[in-house]
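Inspection log for the structure reproduced underneath, given as structure tokens.
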Amino acid sequence: MIRKKLSNSSLKGWLYLLPAILFLGAFMVYPLIDVFIYSFEEGYNSASQTYLGVGLYNYSYVLHDPYFLQAVKNTFILVIITVPLSTGIALLISVGLSSIKPLRNLLQTVYFLPYVTNTLAVGLVFMILFKKTAYSDGLINLLITWFGGKSVDFIDGPYWAKMFVLCFYTIWVVMPFKILILTSALSSVNQVYYNAAKVDGTSKFRTFMRITLPMISPMIFYLIITGFIGAFKAYSDAVALFGTDLNAAEMNTIVGYVYDMLYGDSGGYPSYASAAAILLFAIVLTITCINLLISKKNVHY
Amino acid sequence: MENMTDYQKIEKSAKARKVTGNVITYILLVFWAIIVLFPFYWMVLTSVKSYSAYNSEYVPKFFTLSPTLQNYVDAFTAVPLGKYLLNTAVFTVITTAVMLVVITLAAFAFARLDFKGKNIAFIIFLSLMMIPNELVVITNFVTITNLNLRNTFPGLILPSVTSVFYIYLLKENFEQIPDSLYFAAKVDGTSDLKYLLKVMIPISKPTLITVTILKVIECWNSYVWPRLITDDENYYLVSNGIQEIRENGFGRENIPAMMAAVVVISVPLIILFLIFHKKIMEGVSRGGTKG
Chain A
96 MIRKKLSNSS LKGWLYLLPA ILFLGAFMVY PLIDVFIYSF EEGYNSASQT YLGVGLYNYS
156 YVLHDPYFLQ AVKNTFILVI ITVPLSTGIA LLISVGLSSI KPLRNLLQTV YFLPYVTNTL
216 AVGLVFMILF KKTAYSDGLI NLLITWFGGK SVDFIDGPYW AKMFVLCFYT IWVVMPFKIL
276 ILTSALSSVN QVYYNAAKVD GTSKFRTFMR ITLPMISPMI FYLIITGFIG AFKAYSDAVA
336 LFGTDLNAAE MNTIVGYVYD MLYGDSGGYP SYASAAAILL FAIVLTITCI NLLISKKNVH
396 Y
Chain B
5 MENMTDYQKI EKSAKARKVT GNVITYILLV FWAIIVLFPF YWMVLTSVKS YSAYNSEYVP
65 KFFTLSPTLQ NYVDAFTAVP LGKYLLNTAV FTVITTAVML VVITLAAFAF ARLDFKGKNI
125 AFIIFLSLMM IPNELVVITN FVTITNLNLR NTFPGLILPS VTSVFYIYLL KENFEQIPDS
185 LYFAAKVDGT SDLKYLLKVM IPISKPTLIT VTILKVIECW NSYVWPRLIT DDENYYLVSN
245 GIQEIRENGF GRENIPAMMA AVVVISVPLI ILFLIFHKKI MEGVSRGGTK G
């Protein structure tokens, strides 16, 4: 009887969902459709909301824009350097962390700290650590000269110096999440396997390669996939280090290009922004699919 | 006798190897801890150095003997840092509160109510989880601009009050509450809303707290949307404020005052983290990603 009463109140269910549906519809579903429409409308004028025609011109404009190409190059370099490095270092630290007892909880908490900090604010600290000014070479350059190197301006200097800081800061920002996920994955590996390996006298390295890695491989692949997605969307780290005019600093990212096209000194072109955003989405989707295919072959569930 | 010494030898070398292994591990771990903590130390240290002392140090000093709070005074008087903090607090509280209502109602509908089209609606909701923010932000920007909501709190808040992921998380939690409780309440004539408020929400409090904290962190650190939607200083949030301070405030060279502002902005979340670090880490490992 209760069941019957429930099915009568079908309306009620939708009523509870209504706020969520309204917000998602207005700010997620409609924009998703709209962004494709924008990207095909040629010569869209945001003031009069008119356009000249329909076609692929926006895509061709974006693909021929040197700023976009620079942004794509920067983003790919950033992804290729930071994803493997951060995952590798996180694995190393997590394995170290789970092999010790004293200080373990304290260190775990310390490592997580960057997660809760404001990317823009802490980015400023990194900037002054690396920056060379008229008054001072900055702390990092001081360390470099101590070890006999030559000081470099990491913020306004050569391309690779700037890229190095950007990668370093990105890794610093993403590490907490990776360490957290990997330490909890490591602690969930059944102790029985390790005991069996110990009885057999297996070396530590072999135990790691043959037991630990396969057991946590789903989590590693999860981190690699989310890492790729996250790194392709890099933007605020770069703003924190180099300021809002990323094109002038040659440090723009694809997401930065989208926002610059939308708003700001060079903004007012939602069509170009849409085309660039869809290109980014296509790149991320392709890479994620490749990752999933590779992981299907290599992950042991 | 000989066996004994052999055994002792093996034990000794194994022990030595273990000790060196441990030492290397600790060095590595402490090294990373220093990399993590050093920027925080440097930011606090710089913020208490006086302007003249900081600029006269060609070789930066690792400590200061004459700390000053002048930079904090400057941070609140020379730039509207207090205003930025207030804006961010208002934005964070309202966004989080509205989101909690929206996701609780939706999660309740999915977990507890039977209605036509529920499964299809849920699948559509789940598929929305894959949509990156970057794709929808363009139209949202145009929408908010056309509605004349630029530089207003509704414009800042409205697009971020739903999260499919949190609906999903909460729905999973609600489903663990036994059906018998619901039917018992129904027999007693309790309304659905009353049941949600009196039974489900109290039972799911831990998840709700986790969601709240994660959302607060997200709001406090949000940068991209506020930057697009505000160009009036009176509506800047802290992220935009700090960027403004960096580019136009204090005169570019007053780094100690800038660091004081950075400390002020970072402290609320660090305090939140120190109190709730277990809950935050647990919540994040259940599926939060940054950005």
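Each protein sequence line maps, in turn, to chains A and B. Going by our numbering, the final residue of the first sequence carries number 396, and the count climbs one at a time with no gaps. Going by our numbering, the final residue of the second sequence carries number 295, and the count climbs one at a time with no gaps. Glycine is no exception: its CB is placed at the ideal position from the N, C-alpha and C atoms. Being a predicted model, the structure only gives us computed values, none of them experimental.
Run of the alpha helix (DSSP H) containing residue i, from where it starts to where it stops
| i | result |
| --- | --- |
| T72(B) | It is not in any alpha helix (DSSP H) - T72(B) carries neither H nor E in the DSSP assignment. |
| M262(B) | 259-289 |
| K175(B) | 168-179 |
| V228(B) | 228-233 |
| S164(B) | Neither: S164(B) is in no alpha helix (DSSP H) and is coded neither H nor E. |
| K227(A) | Where K227(A) is concerned, there is no enclosing alpha helix (DSSP H), given that its DSSP letter is neither H nor E. |
| T383(A) | 365-393 |
| P179(A) | 161-193 |
Proximity winner among the options, relative to residue i (alpha-carbon distances)
| i | options | result |
| --- | --- | --- |
| K392(A) | S312(A), T348(A), M346(A) | S312(A) |
| K202(B) | I275(B), A20(B), Y186(B) | Y186(B) |
| K130(B) | L218(B), E176(B), T99(B) | The amino acid at residue 130(B) is misidentified as Lys; the sequence shows Leu. Out of L218(B), E176(B), T99(B), E176(B) has the C-alpha closest to the C-alpha of L130(B). |
| M356(A) | A125(B), K22(B), L232(B), M285(B) | L232(B) |
| V174(A) | G138(A), P365(A), L380(A), F323(A) | F323(A) |
| K219(B) | I107(B), E138(B), S60(B), F80(B) | I107(B) |
| I249(B) | S54(B), A82(B), V141(B), S167(B) | A82(B) |
| A125(B) | L90(B), I171(B), P84(B), A261(B) | I171(B) |
| N347(A) | A372(A), L215(A), K168(A), V178(A) | K168(A) |
| V97(B) | R154(B), L162(B), T24(B) | L162(B) |
| N285(A) | M310(A), M304(A), G148(A), R305(A) | M310(A) |
| A189(B) | R116(B), F157(B), G25(B), L132(B) | R116(B) |
| V379(A) | A329(A), L110(A), M270(A), T204(A) | A329(A) |
| L387(A) | L318(A), A256(A), D332(A) | L318(A) |
| V269(A) | F327(A), A256(A), D232(A), T302(A) | F327(A) |
| C223(B) | A111(B), P260(B), V266(B), L89(B) | L89(B) |
7 angstroms Cβ cut-off: residues of chain B touching residue i
| i | result |
| --- | --- |
| W109(A) | F119 |
| G191(A) | T29, L32, L33 |
| L219(A) | I246, R250, M262, V266 |
| M123(A) | L132, I135, V140 |
| S105(A) | F119, K120 |
| P365(A) | I142, V146 |
Residue i versus residue j - alpha carbon distance
| i | j | result |
| --- | --- | --- |
| F221(A) | W267(A) | 10 angstroms |
| Y146(A) | A264(B) | 48 angstroms |
| L212(B) | I148(B) | 29 angstroms |
| L174(B) | V228(B) | 27 angstroms |
| N225(B) | I14(B) | 55 angstroms |
| C384(A) | V190(A) | 29 angstroms |
| T214(B) | I207(B) | 14 angstroms |
| Y206(A) | L275(A) | 8 angstroms |
| S105(A) | G325(A) | 40 angstroms |
| I320(A) | K273(A) | 12 angstroms |
| P114(A) | S56(B) | 55 angstroms |
| T216(B) | L104(B) | 8 angstroms |
| M96(A) | G108(A) | Confidence is the limiting factor: at M96(A) the pLDDT is only 45, short of 50, which leaves the residue's position unreliable and the question unanswerable from this model. |
| L101(A) | I269(B) | Because L101(A) carries a pLDDT of 49, less than 50, the predicted location of this residue cannot be relied on, and no value is offered for it. |
| K294(B) | T265(A) | Summary for K294(B): the model assigns pLDDT 43, below 50, so the residue's position carries little reliability, and this model does not support an answer. |
| F280(B) | F119(B) | 38 angstroms |
| K209(B) | R21(B) | 48 angstroms |
Under 7 angstroms by beta carbon: chain A residues contacting residue i
| i | result |
| --- | --- |
| F112(B) | Y111 |
| E138(B) | K328, V350, V353, A372, L375 |
| P163(B) | F122 |
| E61(B) | S231 |
| V106(B) | P114, A115, F118 |
| I259(B) | I223 |
Under 8 angstroms by beta carbon: chain B residues contacting residue i
| i | result |
| --- | --- |
| L275(A) | M285, V288, S289 |
| T177(A) | Chain B residues near T177(A): none, gap ~13 angstroms exceeds 8 angstroms. |
| L208(A) | V40, L41, F44, I274, F277 |
Any non-hydrogen atom of the ligand MN within 8 angstroms of residue i CB
| i | result |
| --- | --- |
| P163(B) | Ligands are entirely absent from the displayed structure, and the ligand MN is therefore not among its contents. |
Proximal residues of chain A, C-beta to C-beta of residue i below 9 angstroms
| i | result |
| --- | --- |
| M47(B) | A216, V217, L219, V220, I223 |
| T99(B) | Chain A residues near T99(B): none, gap ~12 angstroms exceeds 9 angstroms. |
Partners in chain B for residue i, counting only beta-carbon separations shorter than 9 angstroms
| i | result |
| --- | --- |
| Y162(A) | The premise fails here: Y162(A) is roughly 17 angstroms from chain B at the closest Cβ pair, so nothing lies under 9 angstroms. |
Cross-chain neighbours of residue i in chain A, by beta carbon under 8 angstroms
| i | result |
| --- | --- |
| S270(B) | T212, N213, A216, V217 |
| Near-chain A residues of the stretch 64-94 of chain B - C-beta to any C-beta below 7 angstroms | Those residues of the stretch 64-94 of chain B placed with their C-beta closer than 7 angstroms to a C-beta in chain A are P64, ordered along the chain.
| request: Could you run through the stretch 141-159 of chain B and flag, in chain order, every residue whose CB is less than 8 angstroms away from some CB of chain A? | output: V141, I142, T143, N144, F145, V146, T147
| field | Residues in the stretch 237-253 of chain A having any Cβ partner in chain B nearer than 7 angstroms | value | For the stretch 237-253 of chain A, the set of positions with a beta-carbon nearer than 7 angstroms to some beta-carbon of chain B reads L237 in chain order.
| Residues in the stretch 9-23 of chain B with C-beta within 7 angstroms of chain A's C-beta atoms, listed in sequence order? | none
| What are the residues of the stretch 126-149 of chain A that lie near chain C, defined by any Cβ-Cβ distance shorter than 8 angstroms? | Absence of chain C from the displayed structure is noted, the protein chains being A and B.
| request: For the stretch 196-225 of chain B, enumerate the residues whose C-beta is nearer than 8 angstroms to any C-beta of chain A, in chain order. | output: Hits within the stretch, in order: D196, I221, W224, N225.
| query | In chain order, what residues of the stretch 288-321 of chain A put their CB closer than 9 angstroms to some CB of chain B? | reply | Sequence-ordered contacts of the stretch 288-321 of chain A with chain B read K299, T321 [C-beta pairs closer than 9 angstroms].
| chain A contacts from the stretch 166-177 of chain B (Cβ-Cβ distance under 9 angstroms) | T166, V168, I171
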